Amino acid sequence: MSQHTPPGHMAPHIPADLYQQAQATGQPVVYVVTPTPPGIPWRRIVVPFAIAGAVVAGGWGLVAAICFLLDAAAHTFTVIAGAAGPIGLGGITLRLARSKNT
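Each residue of the sequence shown is one higher than the last, beginning at 9 in the working numbering.
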């Protein structure tokens with residue numbers, strides 16, 4: 009009886025005793041190989057671009073939110089400064105906002 013080693017990576021799922029029995033009796037061993045589709049799997053490419061796009065959109069959203077908050081703070085400051093009028097301390101007067109007349 010000739011001792012053949014089972015093929016390396018082609019059929020690791022065949023138990024050794026069944027392979028040896030098939031070799032001893034002369035039964036054919038059939039390998040079923042599912043072919044991989046040609047080309048690049050799209051999921052491997054799309055997922056990183058989707059993550060990068062979400063990061064970019066989130067960054068622009070953060071910038072827009074900061075601009076909105078700074079604009080609201082500036083308007084609030086001008087309203088409060090206009091309502092408060094000039095602020096004086098020890099003879100030095102500071103006008104925070106100009107009135108419409110001057």
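Note that the Cβ used here is the ideal one computed from N, Cα and C, for glycine as well. Computed from a predicted structure; not experimentally measured.
Asked                                                                       : Found
Where Ile74 falls: helix, strand or coil (DSSP)                             : helix
Range covered by the alpha helix (DSSP H) that runs through Tyr39           : Counting along the chain, Tyr39 falls outside any alpha helix (DSSP H), and DSSP gives it neither H nor E.
Leu30 vs Val37 beta-carbon contact at 8 Å                                   : According to the sequence provided, residue 30 is Ala. The question's Leu does not apply to it. Going by C-beta atoms, Ala30 is nearer than 8 Å to Val37.
Alpha-carbon spacing of Asp79 relative to Ala72, whole angstroms            : 10 Å
Opening and closing residue of the alpha helix (DSSP H) in which Thr44 lies : No alpha helix (DSSP H) contains Thr44, which DSSP labels as neither H nor E.
Boundaries (first-last residue) of the alpha helix (DSSP H) holding Gln28   : Ala24 to Thr33
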